[in-house]
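Peer 1: Everything in the sequence shown is counted per our numbering, starting at 11 for the first residue and increasing by one.
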Amino acid sequence: MNIYDFTLNELENYLVSNGFKKFNATQIIEWMYEKGVYDFNKMTNLSKNLISFLCEKFYFGHLEIIEVEKSNLANKYLLELNDHNKIECVLMNHDYGYSLCISSQVGCNMGCAFCESGRLKKVRDLTLSELVLQIITVEKYEKKRITSVVVMGIGEPFDNYNNIKRFIEVVTNNKMIGIGQRHLTISTCGLVPKIYEFADLETGVNLAVSLHAPNNAIRDKIMKINHAYKIEDIMKALDYYIEKTNRRVTIEYIMLDGINDSEECARELSRLVKDKLMYVNIIPYNETSHFELKRSNDFKIKRFYDILKMNNVNVTIRKEMGSNLSAACGQLRANVEGSGK
Ligand code: SF4
11 MNIYDFTLNE
21 LENYLVSNGF
31 KKFNATQIIE
41 WMYEKGVYDF
51 NKMTNLSKNL
61 ISFLCEKFYF
71 GHLEIIEVEK
81 SNLANKYLLE
91 LNDHNKIECV
101 LMNHDYGYSL
111 CISSQVGCNM
121 GCAFCESGRL
131 KKVRDLTLSE
141 LVLQIITVEK
151 YEKKRITSVV
161 VMGIGEPFDN
171 YNNIKRFIEV
181 VTNNKMIGIG
191 QRHLTISTCG
201 LVPKIYEFAD
211 LETGVNLAVS
221 LHAPNNAIRD
231 KIMKINHAYK
241 IEDIMKALDY
251 YIEKTNRRVT
261 IEYIMLDGIN
271 DSEECARELS
281 RLVKDKLMYV
291 NIIPYNETSH
301 FELKRSNDFK
311 IKRFYDILKM
321 NNVNVTIRKE
331 MGSNLSAACG
341 QLRANVEGSG
351 K
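1) Ordered along the chain, which non-local residues of its own chain (more than five positions away) have a Cβ less than 6 Å from that of I228?
2) Smallest Cα separation from S113: which of L83, N92, Q144?
3) Go to M245, then tell me how far its alpha helix (DSSP H) extends in each direction, as first and last residue.
4) Tell me which residue opens and which closes the alpha helix (DSSP H) that K312 is part of.
5) Restricting to Cα atoms, I'd like to know which of P224, H237, F208 is closest to L248.
6) For L194, which residues from the same chain have a beta carbon less than 6 Å from its beta carbon, with the 5 sequence-adjacent residues on both sides left out?
7) Inspect the beta-carbon positions of I232 and M265 and report whether they are closer than 7 Å.
8) Compute the Euclidean distance between the alpha carbons of D285 and N172, then round it to the nearest angstrom.
9) Per DSSP, what kind of secondary structure is R155 in: helix, strand or coil?
10) Report whether the distance from the Cβ of G200 to the nearest heavy atom of the ligand SF4 is below 6 Å.
11) Using the DSSP secondary-structure output, state which residues sit across from P294 in a beta bridge.
12) Tell me whether the beta-carbon of V133 lies closer than 7 Å to the beta-carbon of V116.
13) Within 8 Å, do at least three Cβ pairs link the segment 28–35 to the segment 97–113?
14) For D135, does the three-state DSSP call read helix, strand or coil?
15) What I want to know is whether the C-beta of G128 ends up closer than 6 Å to one or more non-hydrogen atoms of the ligand SF4.
16) To test your reading of the DSSP string, which unbroken alpha helix (DSSP H) runs of 4 or more residues are found completely within the segment 39–80?
17) Return the first residue and the last residue of the alpha helix (DSSP H) that G107 is part of.
18) Exposed or buried, R281, counting other C-beta atoms within 10 Å across all chains shown (16 or more means buried)?
19) Under the rule that 16 or more other beta-carbon atoms within 10 Å means buried, what is H222, buried or exposed?
20) Taking 6 Å as the cut-off, is the beta-carbon of C118 closer than that to any non-hydrogen atom of the ligand SF4?
21) Any heavy atom of the ligand SF4 inside 6 Å of the beta-carbon of E44?
22) Kindly list the residues whose CB is nearer than 7 Å to the CB of V47, restricted to its own chain and excluding five residues on each side of it in sequence; keep chain order.
23) Measuring only from the beta carbon, is C125 closer than 6 Å to any heavy atom that is part of the ligand SF4?
24) State yes or no: is the C-beta of C122 nearer than 6 Å to some heavy atom of the ligand SF4?
25) Under 7 Å Cβ to Cβ from Q191, same chain only, skipping five residues before and after it: list those, please.
26) I'd like to check one pair, Y43 with M245: are the Cβ atoms closer than 7 Å?
27) Grouping DSSP H, G and I as helix and E and B as strand, with all else coil, what is E90?
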């Protein structure tokens, strides 16, 4: 078994059920996550009996970096999993530290019209170890400490909900990855039942929702998920989330030329989010050769932003971190894997 597939709790239970002590799990975790020791024989405070048990049962999994694209503000990594599937993650250099955007699945079934990741259908969910090892692999490679994580790369995190829940435990546990809840963001395209479940966890983890349209007519055209969960269902679920957690929700909005970037769209979006604990993150679209959708021009983006501002909506325009990289999420993997898969 890959030891990174265990939360602290799970490792404790496993060791206890095999006749060892609960605190042995903390000892092992400290060696791995704090001291960076990846050899059970070097964990000097463990008994010989425990070391031979661990050597027999566990291995330290790792991910292979097979390509890195670098720019001033962001580096993009193509990673290979044990079964040769490939995923991506992106390290961004912000004023406040290094932030890593990770993948949650191999491919994605949500089929958003603008997205490279959705073009290559879902192959499988990522395991807990594959989620966690994206952080560890990039930290080791860059010799830098990652201070925040967003689950916004390839895949729909709430379609891999159980592992995301366990991932939150590992990332926010001080003895493990040790990134504060407020520095972890999960981004969903709007799987409504999972938004309720996530709200009920009552963590301090941030939630972002890819809305990308102010009404169902437009959203139906660009996001298949809208056939299952309408905008009003999402807004109701977000009201519940905010009531439960008192956390501000980020509304992601990709600007697509002639689709969702009109002044009327801006006014409609304002009416939707106004007076709610929400803020809108406007994202200039990264065009890819596989889709005909175009990026809104800077004038339209600014006008859209101004209308939201005039309506007292908290809004930012996302800084473009990597337009000279294969910048759309999933694009680097898609380049390697080819089309039509
Ligand atoms: S935008 Fe997100 S949910 Fe939609 S297809 Fe891409 S990865 Fe999946």
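For glycine and all other residues, C-beta sits at the position ideal for the given N, C-alpha and C. Here the structure is a predicted model, which is why all the values come from computation and not from measurement.
Peer 2: This is what the structure holds:
1) Within the sequence shown, residue 228 is the residue found at index 218, counting from 1. The answer, listed in chain order, is N270.
2) Residue mapping note: residue 113 aligns to position 103 of the sequence shown, counting from 1. Minimum Cα distance to S113 is reached at Q144.
3) For the purposes of this step, residue 245 is identified with residue 235 of the sequence shown, where counting begins at 1. First-last of the alpha helix (DSSP H) with M245: 241–255.
4) One-based indexing of the sequence shown puts residue 312 at position 302. Residues 308–320.
5) Here residue 248 refers to the residue found at position 238 of the sequence shown. The candidate whose alpha carbon is nearest that of L248 is F208.
6) Taking the first residue of the sequence shown as position 1, residue 194 is located at position 184. Setting aside the 5 residues that flank it on each side, L194 is surrounded in the same chain by V159, V181, V215, each with a C-beta closer than 6 Å to its C-beta; the list follows chain order.
7) Numbered from its first residue, the sequence shown carries residue 232 at position 222. Numbered from its first residue, the sequence shown carries residue 265 at position 255. The answer is no: Cβ separation not under 7 Å.
8) Numbered from 1 along the sequence shown, position 275 holds the residue referred to as residue 285. Numbered from 1 along the sequence shown, position 162 holds the residue referred to as residue 172. Cα to Cα, the separation comes out at about 32 Å.
9) As a position in the sequence shown, residue 155 is number 145, starting the count at 1. Reduced to three states, the DSSP call for R155 is coil.
10) Within the sequence shown, numbered from 1, the residue matching residue 200 stands at position 190. Not under cutoff, so the answer is no.
11) Here residue 294 is taken as the residue at index 284 of the sequence shown, counted from 1. According to DSSP, P294 bridges with M265.
12) Position 123 of the sequence shown, counted from the first residue, corresponds to residue 133. Position 106 of the sequence shown, counted from the first residue, corresponds to residue 116. Yes, they are a contact pair.
13) no
14) Taking the first residue of the sequence shown as 1, we reach residue 135 at position 125. Strand, per DSSP.
15) Position 118 of the sequence shown, counted from the first residue, corresponds to residue 128. Indeed, a heavy atom of the ligand SF4 lies less than 6 Å from the Cβ.
16) 58–67
17) In the sequence shown, residue 107 corresponds to position 97, counting from 1. Run containing G107: none in the alpha helix (DSSP H); it sits in the beta strand (DSSP E), 107–112.
18) As a working mapping, residue 281 is identified with position 271 in the sequence shown. R281 is exposed by the Cβ-count criterion.
19) Within the sequence shown, the letter at position 212 stands for residue 222. It is buried - the Cβ of H222 has at least 16 other Cβ atoms within 10 Å.
20) On the sequence shown, residue 118 is found 108 positions in, with the first residue counted as 1. Answer for C118: yes, Cβ within range of the ligand SF4.
21) Indexing the sequence shown from 1 puts residue 44 at position 34. Checking the Cβ of E44 against the ligand SF4 gives no.
22) On the sequence shown, residue 47 is found 37 positions in, with the first residue counted as 1. Hits under 7 Å: W41, M53.
23) Position 115 of the sequence shown, counted from the start, is the residue given in the question as residue 125. C125 Cβ: within cutoff of the ligand SF4.
24) Translated into the one-based positions of the sequence shown, residue 122 becomes position 112. Yes, the Cβ of C122 comes within 6 Å of a heavy atom of the ligand SF4.
25) Within the sequence shown, numbered from 1, the residue matching residue 191 stands at position 181. Here the set comprises T182, T213, G214, V215.
26) Indexing the sequence shown from 1 puts residue 245 at position 235. Indexing the sequence shown from 1 puts residue 43 at position 33. Going by C-beta atoms, M245 is not nearer than 7 Å to Y43.
27) The residue labelled residue 90 in the question sits at position 80 within the sequence shown. Three-state result, E90: strand.
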